[in-house]
Amino acid sequence: MGTQRYLLGKVVQLVITLFFVLTFTFFLFHYFMPGDPVRTFLKAAGAKYTPAQAEQLKHEFGLDQPIFPNQYVRFLKETATLHMGASTIIYPDSSVTSIFWSRVGKSLILITTSTIASIVIGVAMGIYGGWRRGGWVDNSSMSSSLVLYAMPEFVLGMILLLIFSRWLGWFPAGGYDGAPVTQYTGFAHFADVANHMALPWLTLMLAYLGEFYLLMRSSLLDVLGEEYITLARAKGVREKYVLRRHAVRNALLPTVTLIALSFGFILGGVITVEIVFSYPGVGLLSYQALRARDFPVLQATFLFAAVAVLIANLIADLTYAYLDPRVRSA
Amino acid sequence: MGAGRRAVVVIAALGSFLAVSLAGTALAQSVGSSAGPSNSGPIDFVEGTIADLNTVNPWKALTTQEYEVIGMNFDMLENFDKANLSAAPGLATSWTQSPDALTWTFTIRGDAKWQDGQPVTADDIAYTYNTTLQCQLGNSLDYLVPDYTKSIEATSPTTLVWTMNTPNTAPVRPPWVYIVPKHIWDGKPCSDIKKDPFFDNGKMIGSGPFQMTEWVKGESWTMTANKDYWGGAPQIDRFIVKHYNNAEAMVTALKQGEIDYTGTPSIALFNQISQENGANGITAHLGPTSGFDQMSFNMCDPSAADAAPYCKRTGGTGNPILQDVTVRKAIEMAIDKQTLVDKVLQGTGSIGSTIVPWPQYHLDPPDAIQFSISGANALLDQAGYTDTDGDGIRNDPKSGQNLEFRFILRSDSDYGAQLGQYISGWLKQIGIKTINTVETTNKLTNDWYDNDYDMYIWGWYPDPDPDFILSTFTSHQCGSWSDTCYSNPEYDQMYKAQQTAQSQQQRVDIINQMQQKIYDDIPEIVLEYNRTTELYNSAKWAGLEDNQSPQPEGTLWSQYTPYSALTVHLRGNEAASTSSGGIPAIAWVGIIAVVGIVVAGVIGVSRRRSASDEDMA
Amino acid sequence: MKTETEPLAPATTEAPVVLPKRLSPRSIRWARRRKAFVRFWNQFRRNKMGMFGLAILVFFFAMAIVSIFSDKGRLDPTITTNGPVLANPSWAYPFGTNLQGISVLSLVVEGSRISLFVGLTASLISMVVGSTIGIWAGYRSGISDVVLMRLTDVFLVLPWLALAIVLAAVFGQNMWVIIFIIGLTSWAGTSRLVRAQVLSVKERTYIERSRALGGSDWHVVTRHVLPNVMPVIFANTILTIAIAILSESALSFLGLGDPLRPSWGTTIEEAFNNGALTLGKWAWLLAPSLCIVLVVLAFTMVGFAMDEIVNPRIRER
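These protein sequences, in sequence, are chains A, B and C. Just so we're aligned, residue 1 is where the first sequence starts under my numbering, counting upward by one. Just so we're aligned, residue 1001 is where the second sequence starts under my numbering, counting upward by one. Just so we're aligned, residue 2001 is where the third sequence starts under my numbering, counting upward by one.
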């Protein structure tokens, strides 16, 4: 029952945060935004600016009503039902949700697979590094992890692009698949996508590998510091394997928390990596919306990013609950 | 599971992912090498672009990319002539003007069909034009000259009559309005037509040589050949455009054979390939002037007697010192346009002078302003703008203020910021200080609507007919298309005169005078003309050079004339492979084998280890 | 007097406190602080990683100072009109030139100033805001704690780049907006850490004693809590600077950097968007990249080294 209470608390937290994010978004886009949205819309539509048209559009957008509560409530209602307006600049008149639809899946595949791989490998290496502290493996892993940590994701992406696409020609320079020139189906399509996704995937995986390695290693060292002394008194080498399991279990807990904190950064990395590889996901869309100052799309990408990180955190909390017996028995 | 086991699983997953990914490479390689005239797949001509397609609503089109698609999907009453962009037969095969010059009669061809099978008639054209006028649709409204048009009617399925109230050559400019099918749009209210996304609603039904059949927003769009096109069936099956986020990836794709053509390479990449002289089977084609970049001044002075109506209504914050033409002339004199062409455009352009770049109408001003820092300094000294407070910046003799001007550069321009940087440097040398800000197009648009600026840099890709670009300097375009809110009654008169000129020569003369007037009054400085830069795989494709437009030196794939789409074809010989490197199929079999062995080995080792684990429990 | 000390154990023997001539509470305090600093420095000196990082930082700070006094004409394309465009590295242009013929080395030197300034200022804001909130929440407890911590959690979770993008879109793109944005998206981490530290300090008896003696909150916080929390804050700030520099480079890469103030990030952006990769102008791209990596690495190493010295848990290993 402790798990339930714990998770309930986390869900409540999520709802509060979501609410805050929505309110923040609203005030940012409807209160602080510079320039007249009606004017921007008219200019983008290529129409001449007449006062009558402006008034009519103002009414359509609901801008002639007070900001709070009318416009605010309207915003909440529309967002909840996924009616997030139409793009004004990038794909005029196309609904924001339809633009999102094709992009979201591509980003999600990229993010989830690379993050999972990064976490699993980083943690595994971190355990090994913490265990065999001081060995050449540990030292070289430490150095390379530090370098990876210090390198911006897009720089890493450019370097990999340089080596594996430009020089070796093993992978294409960007994109999602060869469509529509090539119309593969089934396994061929899968291979084609994998071919295009390999480098951005590798970039994202390596970019955070170093950080997770360092986190797990330091976490494990903390734990070993506590228990190792007492347990070292116990019999021989074989116990080490059992110890390792206990040590790792305990070290994983703070690591999970710290890894959850890095989801925000991972999302940032996705944006820059998608730019480098022209990978048509939500990250690239945010960039395009930013350059065009297409506010409806910008608003949607921001909300998407916030919600994605919130859900990822919830998953991390679930993992924490699973790993920590204290939560379960509380 | 122990850490070791976990890691093994991941390595196995990684290995398989790698194998699959490399399989993709092998696949790509095999397709690339087998594509050719003998294969059974569709013949695709693939363009790469960094300019995304925003809309395919014919009335909303603004960018080259959009016109490219719409121009291939739809027809016009008259097409742009390949050689000089004047009127050529389109849906109309011929036309006559009545003796009193007020009525134009067009004969509409009988063999044109909509892409849904229905025949095209004069009714469709009349419907399109009248709807455009009534609903005030789009940027091309001016081509239908609402002030001079009395009526446009279809008197028979093959006859269109356009009646004017003043003699006018607008009907054969040609009017840049695309014809849409009446049987699909008739009865729809204006607001619906304005907002319709067209493709999303399955409305890309035109009469042109291609039809847009797929659009993956942000990634690519596909146009399929219309074999029943009245102008002849295209020799390719599909025209595909792939969108790239940066010119890098795009040019790499061109080199690797993934795409066949691009009209938007970066200047540096274009020059690099130019220097290769076709070594890799890629031709670099430098085309004619496509547009210009300008530095505009805020000419709105609400207190002036002949200020534009919008300027009077809205007011403005333009620095009054800039109202003095001497200051503007000194600024133009201080700009080394040749350096801008050499350094910023890297040679892909020419020095700017007047606002009409097209050869048929362009005027080379007889006494053009030459670059001279000392000359500019002398000019300002003579006019009394000396540095009275010793801070290195000249002062206005009347108000004592420093000559400090706000200078806005657009962030989403390719090289706008660069141009601005150079100009600031030169202006500093003549004692003028610029306060540079970088703004997005939207923010600049807002400042411009408010007349809240001093100078900024922007650009134009003028229409083939100079009427539009000339109109932007008329006083009633302030608040609409006017860059500067320049307002001069004499100029307004000249504009009307050229619209109603009786002969081409008369029109050319008036247009020359207008250009000279703008050049002398300097509401804006035309910095340079930029030229089109195109790259294409000439080893694989032929038929592009023959149809460049205009001629003799034209753009290979023009936004105005879709003819290249009709004549581009594969070269007879086997396509030279331009893909570089890549793992041959046999190699990836080997790689998978090695990976498989390693994975198997590791699993085997860990099995043994975990066995001993259990022993201890 | 023994001067030898063990590398990992805290220094047990020190030079005696030099008593100031005028004995006042304040002068004694400062003497103690000086001693603490000397002790810290001795430990830090022995940390190879930290010293290496520090050396790199000294180099780049020197570069930044040089850039303040360097001739701005080298960055003005109207003055360097003879510079070859996109030149390859040579003796005259060690990293080649960019699209306007400006030496990339000049850009890198100039960029050091901006990048470091933005990094330092942004993390300063982050530290001040985060520490204030963390101390307040940790010391006050109760409702303030709950509310502030919820707020902190919200900001911790928000994806920073997505937030930065919308803020920049709305508020424009100049250096100060960037600084504000980075500060806004990074204070939460500091806040959490500081609060945890304050909570552990609060348990110590001298706090209780101080309050029993009638010490006001302000007194307790500034005299007792703050000095004990400062080392952790400081170590954390160093790491925050590293992140701030990475953030600035990412924002510049997105085109949000101030184009009138070239930083390493804006140089990378310019290089990338002008085809440096395809054109083979690696130096243009890699020179500023290398600088970012080195500086961030240096700050991280120094931060880790400081963390080792200052953080009691690690120290006892």
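We treat Cβ as the ideally placed atom computed from N, Cα and C, and that holds for glycine.
Quiz item: Closer than 9 Å, CB to CB, is C/V2330 near chain A or not?
Solution: Here chain C comprises residues numbered 2001 to 2317, so residue 2330 of chain C is not present and cannot be evaluated.
Quiz item: Three or more C-beta pairs closer than 8 Å, one from the stretch 1231-1245 of chain B and one from the stretch 1049-1058 of chain B: is that the case here?
Solution: Result yes; three or more Cβ-Cβ pairs closer than 8 Å.
Quiz item: the stretch 127-143 of chain A: which residues have C-beta closer than 9 Å to a C-beta of chain B, in chain order?
Solution: So the list reads I127, Y128, W131, given in the order they occur along the chain.
Quiz item: What does C/V2085 touch in chain B if you count any residue whose Cβ is under 7 Å from its own?
Solution: Result: K1343, Q1346.
Exercise. Just the chain C side, please: which residues come within less than 7 Å of B/Y1422 by C-beta, in chain order?
Key: Near B/Y1422 (Cβ distances below 7 Å), the residues of chain C are P2077, T2078.
Quiz item: Taking Cβ positions only, does B/Q1551 come closer than 9 Å to chain A?
Solution: Residue-level contact by beta carbon fails for B/Q1551 and chain A, as no gap is shorter than 9 Å.
Quiz prompt | Under 8 Å from the C-beta of B/A1249: neighbouring residues of chain A | solution = What B/A1249 touches in chain A: A173, G174, G175, F277, S278.
Quiz prompt | Touch test, the stretch 1089-1098 of chain B against the stretch 1182-1195 of chain B, Cβ-Cβ under 8 Å, three pairs minimum | solution = No: fewer than three Cβ pairs fall under 8 Å.
Practice problem: Starting from A/V276, follow the alpha helix (DSSP H) in both directions and report where the run begins and ends. | Solution: Where A/V276 is concerned, the enclosing alpha helix (DSSP H) stretches over 263-276.
Self-check item: Start-end ranges of the alpha helix (DSSP H) lying completely within the stretch 1337-1412 of chain B, minimum 4 residues
Solution: As far as the stretch 1337-1412 of chain B is concerned, its whole alpha helix (DSSP H) runs of at least 4 residues are 1373-1382.
Quiz item: Should C/R2301 be flagged as near chain A, meaning a C-beta pair shorter than 9 Å?
Solution: Going by the sequence as given, residue 2301 of chain C is Met instead of Arg. For C/M2301, the answer is yes, since a Cβ of chain A falls inside 9 Å of its Cβ.
Practice problem: Indicate the three-state DSSP secondary structure (helix, strand or coil) for A/S102 in the structure shown. | Solution: Three-state result, A/S102: helix.
Quiz prompt | Nearest-angstrom beta carbon gap, B/Y1461 and B/S1350 [assumed within contact, 8 Å] | solution = B/S1350 to B/Y1461, Cβ: 16 Å. No contact.
Self-check item: Residue span of the alpha helix (DSSP H) that contains B/N1130, given as start and end
Solution: In the DSSP assignment, B/N1130 falls within the unbroken alpha helix (DSSP H) covering 1122-1135.
Quiz item: How about A/Y287: is its C-beta nearer than 9 Å to some C-beta of chain B?
Solution: Yes, A/Y287 lies at the interface with chain B (some Cβ there is under 9 Å from its Cβ).
Practice problem: List the endpoints of the continuous alpha helix (DSSP H) containing B/Q1294. | Solution: Looking at the DSSP string, B/Q1294 is not in any alpha helix (DSSP H); the run it does join, the beta strand (DSSP E), is 1282-1297.
Self-check item: Partners in chain A for B/N986, counting only beta-carbon separations shorter than 9 Å
Solution: The requested residue 986 of chain B is not part of the displayed model; chain B covers only 1001 to 1617.
Quiz item: Considering B/K1242, what are the terminal residues of the alpha helix (DSSP H) in which it resides?
Solution: Boundaries for B/K1242: no alpha helix (DSSP H) harbours it, while the beta strand (DSSP E) harbouring it runs 1238-1243, taken from the DSSP string.
Quiz item: Are B/L1144 and B/E1153 close, meaning C-beta to C-beta below 9 Å?
Solution: Against a cut-off of 9 Å, the Cβ pair of B/E1153 and B/L1144 comes out as no contact.
Quiz prompt | Buried versus exposed call for C/W2091 [16 or more other C-beta atoms within 10 Å across all chains shown] | solution = Residue burial annotation: C/W2091 is exposed, with fewer than 16 other C-beta atoms found within 10 angstroms of its C-beta.
Self-check item: Test item: CB-CB of C/I2165 and A/F302 under 9 Å
Solution: Yes. Within cutoff.
Quiz item: By DSSP, does C/G2189 sit in helix, in strand, or in coil?
Solution: Helix.
Quiz item: What are the boundary residues of the beta strand (DSSP E) that includes B/S1151?
Solution: From DSSP, the beta strand (DSSP E) with B/S1151 extends over 1149-1156.
Practice problem: Output the distance between the C-alpha atoms of C/G2214 and C/T2222, rounded to the nearest integer angstrom. | Solution: Straight-line spacing of the CA atoms in C/G2214 and C/T2222 works out to 15 Å.
Practice problem: Using beta-carbon positions only, say whether A/L14 and A/L310 come within less than 9 Å of one another. | Solution: Yes; because the gap between Cβ atoms is below 9 Å, this pair is in contact.
Quiz item: Taking Cβ-Cβ distances shorter than 7 Å, what residues in chain A pair up with B/K1195?
Solution: At a C-beta separation below 7 Å, B/K1195 has these neighbours in chain A: D93.
Quiz item: Can you name, in chain order, every residue of its own chain whose Cβ lies under 6 Å from the Cβ of B/L1409, other than the five neighbours on each side?
Solution: Excluding residues within five positions, the ones whose Cβ falls inside 6 Å are G1416, A1417, G1420, V1438, I1457.
Exercise. Throw me the rounded Cβ distance for the B/S1487 and B/D1306 pair, which I believe falls under 8 Å.
Key: Going by Cβ atoms, the distance from B/S1487 to B/D1306 rounds to 6 Å, so yes, they are a contact pair.
Quiz item: For B/F1045, which of helix, strand or coil comes out of DSSP?
Solution: Residue state, collapsed to three classes: strand.
Quiz item: Helix, strand or coil: which one does DSSP assign to B/Y1415?
Solution: B/Y1415 falls in the coil class under three-state DSSP.
Quiz prompt | Which listed residue (B/N1079, B/C1135, B/D1075, B/S1156) has its alpha carbon closest to that of B/T1105 | solution = Distances from the CA of B/T1105 to each of B/N1079, B/C1135, B/D1075, B/S1156 were compared; the closest alpha carbon is that of B/S1156.
Exercise. Work out the CA separation of A/D93 and B/K1195 for me, nearest whole Å.
Key: Cα to Cα, the separation comes out at about 6 Å.
Quiz item: Over what stretch of residues does the beta strand (DSSP E) that includes B/L1160 continue unbroken?
Solution: Counting along the chain, the beta strand (DSSP E) containing B/L1160 begins and ends at 1159-1164.
Practice problem: Give the straight-line distance between the Cα atoms of B/L1062 and A/V120, rounded to the nearest whole angstrom. | Solution: Rounded to the nearest whole angstrom, the C-alpha separation of B/L1062 and A/V120 is 49 Å.
Quiz item: Which residues mark the beginning and the end of the alpha helix (DSSP H) in which B/N1446 is found?
Solution: Taken as a continuous stretch (DSSP letters only), the alpha helix (DSSP H) holding B/N1446 covers 1441-1449.
Quiz item: Which same chain residues, not among the five before or five after B/C1485, have their C-beta less than 6 Å away from its C-beta?
Solution: So the qualifying residues of the chain are M1299, C1300, A1308, C1311, C1478.
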